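Under full-length UniProt numbering, the first residue of the sequence shown is numbered 1, with each subsequent residue one higher.
Beta carbons are placed, not taken as given, at the ideal position from N, Cα and C, and that holds for glycine.
Predicted, not measured: the structure shown is a model, and the values here were computed from it.
Worksheet: the structure to be examined is printed underneath.
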Amino acid sequence: MVCHDGTWKPKKDFCEKIHCGQPPNIIDGFHNGNATTYPIGTIINYRCSKNFSLIGASFMVCSANRNLTGLWKEKPPICKEVFCKDPVVEHGIKITELGKPYIYRSNVTFQCKIGYFMIGSSLIRCEKNNIWVPIAPLCKKISPDICGTPLILNGNIQPLQPQYETGKTVAISCNQNYSFIDDTTVMTIQCQGYNLWNPPAQLCFFRTSPDIFHLFINHGKIVLGKKKYYDPGDEYVQRVSGIIALVKELSSSNCQVLWLVSYCFYSCLEE
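Encoded structure:
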(Lines of atoms letter the chains of each structure in order from A and count residues from 1; the text may use other names and numbers.)
(Lines give C-alpha, C1' and ligand atoms only; values in the text may rest on other atoms or scores of the structure.)
Protein backbone atom coordinates (compact mmCIF):
# COMPACT_ATOMS: atom_id res chain seq x y z
CA MET A 1 0.00 0.00 0.00
CA VAL A 2 1.12 3.57 -0.74
CA CYS A 3 0.00 6.70 1.16
CA HIS A 4 -1.36 9.25 -1.35
CA ASP A 5 -3.33 12.45 -0.52
CA GLY A 6 -4.09 11.16 2.95
CA THR A 7 -5.37 7.77 1.83
CA TRP A 8 -3.82 4.37 1.27
CA LYS A 9 -3.80 3.14 -2.29
CA PRO A 10 -2.68 -0.23 -3.61
CA LYS A 11 0.83 -0.23 -4.95
CA LYS A 12 0.94 -0.98 -8.65
CA ASP A 13 2.45 -4.32 -9.61
CA PHE A 14 5.50 -4.29 -11.81
CA CYS A 15 7.79 -6.85 -13.42
CA GLU A 16 11.49 -6.87 -12.77
CA LYS A 17 14.07 -8.69 -14.82
CA ILE A 18 16.03 -11.46 -13.13
CA HIS A 19 19.75 -11.43 -13.78
CA CYS A 20 22.77 -13.54 -12.93
CA GLY A 21 26.03 -12.07 -11.75
CA GLN A 22 29.45 -12.82 -13.13
CA PRO A 23 29.93 -16.48 -14.15
CA PRO A 24 32.65 -18.28 -12.19
CA ASN A 25 36.17 -18.21 -13.56
CA ILE A 26 38.14 -21.44 -13.97
CA ILE A 27 41.85 -22.15 -13.56
CA ASP A 28 43.76 -22.62 -16.83
CA GLY A 29 40.64 -21.70 -18.78
CA PHE A 30 38.29 -18.88 -19.68
CA HIS A 31 34.69 -18.08 -20.69
CA ASN A 32 33.18 -15.79 -23.31
CA GLY A 33 31.19 -13.61 -20.91
CA ASN A 34 32.05 -9.89 -20.92
CA ALA A 35 28.95 -8.24 -19.40
CA THR A 36 28.26 -7.09 -15.85
CA THR A 37 24.96 -8.95 -15.48
CA TYR A 38 23.24 -11.61 -17.58
CA PRO A 39 19.48 -12.17 -18.13
CA ILE A 40 17.87 -15.59 -17.62
CA GLY A 41 18.57 -17.93 -20.49
CA THR A 42 22.05 -16.59 -21.19
CA ILE A 43 24.53 -19.33 -22.08
CA ILE A 44 28.20 -18.89 -21.24
CA ASN A 45 30.74 -21.10 -23.01
CA TYR A 46 34.02 -22.26 -21.48
CA ARG A 47 37.32 -23.18 -23.09
CA CYS A 48 40.67 -24.31 -21.75
CA SER A 49 44.13 -22.92 -22.35
CA LYS A 50 46.51 -24.74 -24.68
CA ASN A 51 47.50 -28.28 -23.60
CA PHE A 52 44.60 -28.47 -21.14
CA SER A 53 41.44 -30.54 -21.56
CA LEU A 54 37.97 -29.45 -20.43
CA ILE A 55 36.35 -31.84 -17.95
CA GLY A 56 32.59 -31.47 -17.51
CA ALA A 57 29.99 -29.41 -19.36
CA SER A 58 31.43 -26.76 -21.68
CA PHE A 59 28.71 -24.22 -20.83
CA MET A 60 26.61 -22.78 -17.99
CA VAL A 61 23.06 -21.38 -18.19
CA CYS A 62 21.64 -18.47 -16.21
CA SER A 63 18.46 -19.62 -14.45
CA ALA A 64 16.40 -18.75 -11.37
CA ASN A 65 15.82 -20.52 -8.06
CA ARG A 66 12.57 -20.72 -6.09
CA ASN A 67 13.21 -17.28 -4.62
CA LEU A 68 13.44 -15.89 -8.16
CA THR A 69 17.10 -15.13 -7.68
CA GLY A 70 19.35 -15.49 -10.69
CA LEU A 71 22.02 -18.16 -10.51
CA TRP A 72 24.32 -20.15 -12.79
CA LYS A 73 23.03 -23.69 -13.07
CA GLU A 74 25.35 -26.66 -12.49
CA LYS A 75 29.03 -26.57 -11.59
CA PRO A 76 31.64 -24.96 -13.82
CA PRO A 77 33.99 -27.28 -15.71
CA ILE A 78 37.64 -27.74 -14.83
CA CYS A 79 40.71 -27.65 -17.05
CA LYS A 80 43.22 -30.41 -16.56
CA GLU A 81 46.28 -31.75 -18.30
CA VAL A 82 45.33 -35.26 -19.42
CA PHE A 83 47.85 -37.49 -21.18
CA CYS A 84 47.52 -41.25 -21.47
CA LYS A 85 50.45 -43.54 -22.19
CA ASP A 86 50.82 -45.17 -25.58
CA PRO A 87 48.64 -48.31 -25.35
CA VAL A 88 50.31 -51.50 -26.51
CA VAL A 89 48.49 -54.74 -27.28
CA GLU A 90 50.71 -57.75 -27.83
CA HIS A 91 49.86 -59.45 -31.14
CA GLY A 92 47.55 -56.52 -31.93
CA ILE A 93 47.70 -53.44 -34.16
CA LYS A 94 46.11 -49.98 -34.02
CA ILE A 95 43.71 -49.48 -36.92
CA THR A 96 42.38 -46.02 -35.96
CA GLU A 97 43.77 -43.34 -33.67
CA LEU A 98 43.77 -39.55 -33.41
CA GLY A 99 47.54 -39.47 -33.01
CA LYS A 100 49.94 -38.67 -30.23
CA PRO A 101 49.90 -37.22 -27.67
CA TYR A 102 46.86 -39.05 -26.37
CA ILE A 103 44.84 -36.33 -24.66
CA TYR A 104 41.42 -36.39 -22.98
CA ARG A 105 38.80 -38.32 -25.00
CA SER A 106 41.29 -39.61 -27.56
CA ASN A 107 40.15 -42.93 -29.04
CA VAL A 108 42.21 -45.88 -30.22
CA THR A 109 40.80 -48.95 -32.00
CA PHE A 110 42.68 -52.26 -32.09
CA GLN A 111 42.61 -55.32 -34.27
CA CYS A 112 44.33 -58.64 -33.59
CA LYS A 113 46.88 -60.03 -36.00
CA ILE A 114 46.03 -63.06 -38.13
CA GLY A 115 45.92 -66.18 -35.98
CA TYR A 116 44.70 -64.34 -32.86
CA PHE A 117 41.29 -63.34 -31.48
CA MET A 118 40.37 -60.46 -29.20
CA ILE A 119 39.29 -60.55 -25.57
CA GLY A 120 37.83 -57.24 -24.44
CA SER A 121 36.79 -54.06 -26.22
CA SER A 122 38.41 -53.11 -29.50
CA LEU A 123 37.92 -49.38 -28.73
CA ILE A 124 39.45 -47.63 -25.71
CA ARG A 125 39.33 -43.96 -24.67
CA CYS A 126 41.71 -41.72 -22.71
CA GLU A 127 39.83 -40.50 -19.63
CA LYS A 128 40.38 -37.77 -17.02
CA ASN A 129 42.56 -39.80 -14.65
CA ASN A 130 45.16 -40.46 -17.39
CA ILE A 131 43.90 -44.00 -17.88
CA TRP A 132 42.38 -45.90 -20.78
CA VAL A 133 38.73 -46.93 -20.39
CA PRO A 134 38.05 -49.76 -20.73
CA ILE A 135 41.46 -51.37 -20.31
CA ALA A 136 43.30 -52.36 -23.48
CA PRO A 137 42.15 -55.71 -24.93
CA LEU A 138 44.14 -58.93 -25.18
CA CYS A 139 44.92 -60.85 -28.36
CA LYS A 140 44.95 -64.59 -27.71
CA LYS A 141 46.22 -67.23 -30.09
CA ILE A 142 43.47 -69.14 -31.89
CA SER A 143 43.23 -72.75 -30.69
CA PRO A 144 41.05 -75.74 -31.69
CA ASP A 145 38.96 -75.60 -28.51
CA ILE A 146 38.28 -71.86 -27.98
CA CYS A 147 36.13 -69.12 -29.55
CA GLY A 148 36.24 -65.41 -28.81
CA THR A 149 33.15 -63.30 -28.10
CA PRO A 150 31.21 -62.62 -31.32
CA LEU A 151 31.24 -58.97 -32.37
CA ILE A 152 27.63 -57.75 -32.23
CA LEU A 153 26.51 -54.17 -32.87
CA ASN A 154 23.01 -53.05 -31.86
CA GLY A 155 22.43 -56.31 -30.02
CA ASN A 156 23.48 -58.37 -27.01
CA ILE A 157 24.84 -61.82 -26.20
CA GLN A 158 23.75 -64.27 -23.50
CA PRO A 159 25.75 -65.49 -21.71
CA LEU A 160 28.44 -62.84 -22.23
CA GLN A 161 31.96 -64.18 -21.59
CA PRO A 162 35.53 -63.30 -22.69
CA GLN A 163 35.83 -66.68 -24.46
CA TYR A 164 33.90 -69.90 -25.01
CA GLU A 165 34.84 -73.56 -25.25
CA THR A 166 34.03 -75.75 -28.24
CA GLY A 167 30.37 -76.82 -28.19
CA LYS A 168 29.22 -73.85 -26.13
CA THR A 169 26.11 -72.08 -27.47
CA VAL A 170 25.13 -68.44 -27.07
CA ALA A 171 21.96 -66.51 -27.89
CA ILE A 172 22.19 -63.28 -29.86
CA SER A 173 19.27 -60.84 -29.77
CA CYS A 174 18.90 -57.52 -31.58
CA ASN A 175 17.99 -54.33 -29.75
CA GLN A 176 14.51 -52.84 -30.05
CA ASN A 177 13.74 -51.67 -33.61
CA TYR A 178 16.62 -53.76 -35.03
CA SER A 179 16.51 -57.19 -36.69
CA PHE A 180 18.64 -59.63 -38.66
CA ILE A 181 18.54 -59.62 -42.45
CA ASP A 182 15.89 -62.37 -42.41
CA ASP A 183 13.61 -60.23 -40.17
CA THR A 184 14.18 -62.38 -37.07
CA THR A 185 15.51 -60.83 -33.87
CA VAL A 186 17.02 -63.82 -32.02
CA MET A 187 19.47 -66.48 -33.13
CA THR A 188 21.59 -69.18 -31.47
CA ILE A 189 25.16 -69.98 -32.52
CA GLN A 190 27.63 -72.65 -31.40
CA CYS A 191 31.41 -72.49 -30.96
CA GLN A 192 33.18 -74.85 -33.38
CA GLY A 193 36.70 -74.06 -32.16
CA TYR A 194 39.38 -72.06 -33.98
CA ASN A 195 37.29 -68.94 -33.21
CA LEU A 196 34.56 -70.12 -35.60
CA TRP A 197 30.83 -69.97 -34.87
CA ASN A 198 28.10 -72.00 -36.57
CA PRO A 199 26.09 -70.42 -38.02
CA PRO A 200 28.09 -67.18 -38.35
CA ALA A 201 26.70 -64.32 -36.27
CA GLN A 202 24.48 -62.00 -38.33
CA LEU A 203 24.36 -58.21 -38.19
CA CYS A 204 21.45 -56.33 -36.61
CA PHE A 205 19.94 -53.78 -39.01
CA PHE A 206 17.67 -50.84 -38.23
CA ARG A 207 14.02 -51.63 -38.98
CA THR A 208 11.91 -49.27 -41.09
CA SER A 209 8.73 -50.52 -39.46
CA PRO A 210 7.45 -51.12 -35.93
CA ASP A 211 8.81 -54.31 -34.43
CA ILE A 212 5.66 -56.41 -34.67
CA PHE A 213 7.58 -59.58 -33.82
CA HIS A 214 8.05 -58.39 -30.23
CA LEU A 215 4.78 -56.42 -30.26
CA PHE A 216 5.93 -53.16 -28.70
CA ILE A 217 2.28 -52.16 -28.34
CA ASN A 218 1.62 -52.29 -24.63
CA HIS A 219 -1.39 -54.50 -23.84
CA GLY A 220 -2.43 -54.62 -27.50
CA LYS A 221 -1.79 -56.01 -30.97
CA ILE A 222 -2.09 -55.23 -34.66
CA VAL A 223 -5.49 -56.42 -35.92
CA LEU A 224 -5.41 -55.15 -39.51
CA GLY A 225 -2.61 -54.25 -41.91
CA LYS A 226 0.14 -56.36 -40.34
CA LYS A 227 3.17 -56.90 -42.60
CA LYS A 228 6.93 -57.04 -42.46
CA TYR A 229 7.76 -53.61 -43.91
CA TYR A 230 5.94 -50.29 -44.06
CA ASP A 231 6.41 -47.28 -46.32
CA PRO A 232 5.43 -43.66 -45.60
CA GLY A 233 1.65 -43.41 -46.01
CA ASP A 234 0.97 -47.02 -44.96
CA GLU A 235 -1.60 -47.66 -42.25
CA TYR A 236 -2.36 -50.39 -39.76
CA VAL A 237 -5.02 -50.85 -37.10
CA GLN A 238 -4.01 -51.65 -33.54
CA ARG A 239 -6.15 -52.61 -30.57
CA VAL A 240 -5.06 -51.61 -27.05
CA SER A 241 -7.26 -52.52 -24.09
CA GLY A 242 -10.41 -52.59 -26.25
CA ILE A 243 -9.63 -49.33 -28.07
CA ILE A 244 -9.16 -49.42 -31.83
CA ALA A 245 -6.66 -46.97 -33.34
CA LEU A 246 -5.79 -46.28 -36.98
CA VAL A 247 -2.06 -45.59 -37.17
CA LYS A 248 -0.36 -44.01 -40.18
CA GLU A 249 3.37 -43.78 -40.90
CA LEU A 250 4.34 -40.17 -41.53
CA SER A 251 8.05 -40.51 -42.22
CA SER A 252 10.90 -42.98 -42.06
CA SER A 253 14.64 -42.38 -41.77
CA ASN A 254 17.81 -43.97 -40.46
CA CYS A 255 17.09 -42.44 -37.07
CA GLN A 256 13.41 -42.99 -36.36
CA VAL A 257 9.99 -43.96 -37.61
CA LEU A 258 7.20 -41.48 -36.90
CA TRP A 259 3.62 -42.76 -36.61
CA LEU A 260 0.42 -40.76 -36.27
CA VAL A 261 -2.68 -42.07 -34.48
CA SER A 262 -5.49 -40.73 -36.67
CA TYR A 263 -8.51 -41.61 -34.53
CA CYS A 264 -9.65 -43.89 -31.73
CA PHE A 265 -12.96 -45.47 -30.85
CA TYR A 266 -14.18 -48.14 -28.46
CA SER A 267 -14.71 -51.63 -29.78
CA CYS A 268 -16.48 -54.74 -28.51
CA LEU A 269 -14.42 -57.13 -30.65
CA GLU A 270 -13.53 -60.43 -29.06
CA GLU A 271 -9.87 -61.12 -28.20
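When the options are compared against residue i, the one with the closest alpha-carbon
| i | options | result |
| --- | --- | --- |
| residue 195 | 17, 125, 120, 140 | 140 |
| residue 23 | 37, 15, 16 | 37 |
| residue 126 | 137, 107, 114 | 107 |
| residue 93 | 158, 110, 86 | 110 |
| residue 146 | 154, 53, 27, 163 | 163 |
| residue 26 | 189, 18, 53, 15 | 53 |
| residue 144 | 192, 177, 156, 183 | 192 |
| residue 88 | 207, 124, 70 | 124 |
| residue 76 | 155, 105, 30, 176 | 30 |
| residue 103 | 170, 85, 117 | 85 |
| residue 136 | 148, 121, 130, 91 | 121 |
| residue 134 | 151, 116, 113, 105 | 105 |
| residue 151 | 181, 118, 15 | 118 |
| residue 175 | 48, 161, 156 | 156 |
| residue 179 | 201, 166, 8, 197 | 201 |
| residue 100 | 82, 168, 33, 56 | 82 |
| residue 181 | 98, 3, 206 | 206 |
Integer-rounded CB distance, given that residue j should sit under 8 Å from residue i
| i | j | result |
| --- | --- | --- |
| residue 128 | residue 50 | Going by Cβ atoms, the distance from residue 128 to residue 50 rounds to 18 Å, so no, they are not a contact pair. |
| residue 184 | residue 171 | Contact doesn't hold; Cβ gap of about 12 Å is too wide. |
| residue 70 | residue 18 | 5 Å |
| residue 153 | residue 204 | 7 Å |
| residue 20 | residue 72 | 6 Å |
| residue 142 | residue 115 | 6 Å |
Extent of the continuous beta strand (DSSP E) run through residue i
| i | result |
| --- | --- |
| residue 104 | Segment: none, residue 104 is in no beta strand (DSSP E) and carries neither H nor E. |
| residue 177 | Segment: none, residue 177 is in no beta strand (DSSP E) and carries neither H nor E. |
| residue 31 | 29 to 31 |
| residue 53 | 53 to 55 |
| residue 158 | 155 to 158 |
| residue 64 | 59 to 64 |
| residue 188 | 186 to 193 |
| residue 97 | 92 to 97 |
| residue 141 | 138 to 141 |
| residue 45 | 43 to 48 |
| residue 119 | 116 to 119 |
| residue 79 | 78 to 80 |
| residue 71 | 70 to 72 |
| residue 126 | 123 to 126 |
| residue 198 | 196 to 198 |
Paired residues, beta bridge with residue i - DSSP
| i | result |
| --- | --- |
| residue 164 | 147 |
| residue 39 | 19 |
| residue 204 | In the DSSP output, where bridge partners are listed per residue, residue 204 has none listed. |
| residue 170 | 189 |
Residue i Cβ short of 6 Å to the ligand SAH heavy atom set
| i | result |
| --- | --- |
| residue 205 | Absence of the ligand SAH is noted for the structure shown, with no ligands found whatsoever. |
Check whether the stretch 59 to 69 and the stretch 38 to 46 are in contact - that is, three or more C-beta pairs closer than 8 Å. Of all C-beta pairs linking the stretch 59 to 69 to the stretch 38 to 46, three or more are shorter than 8 Å, placing the two stretches in contact.
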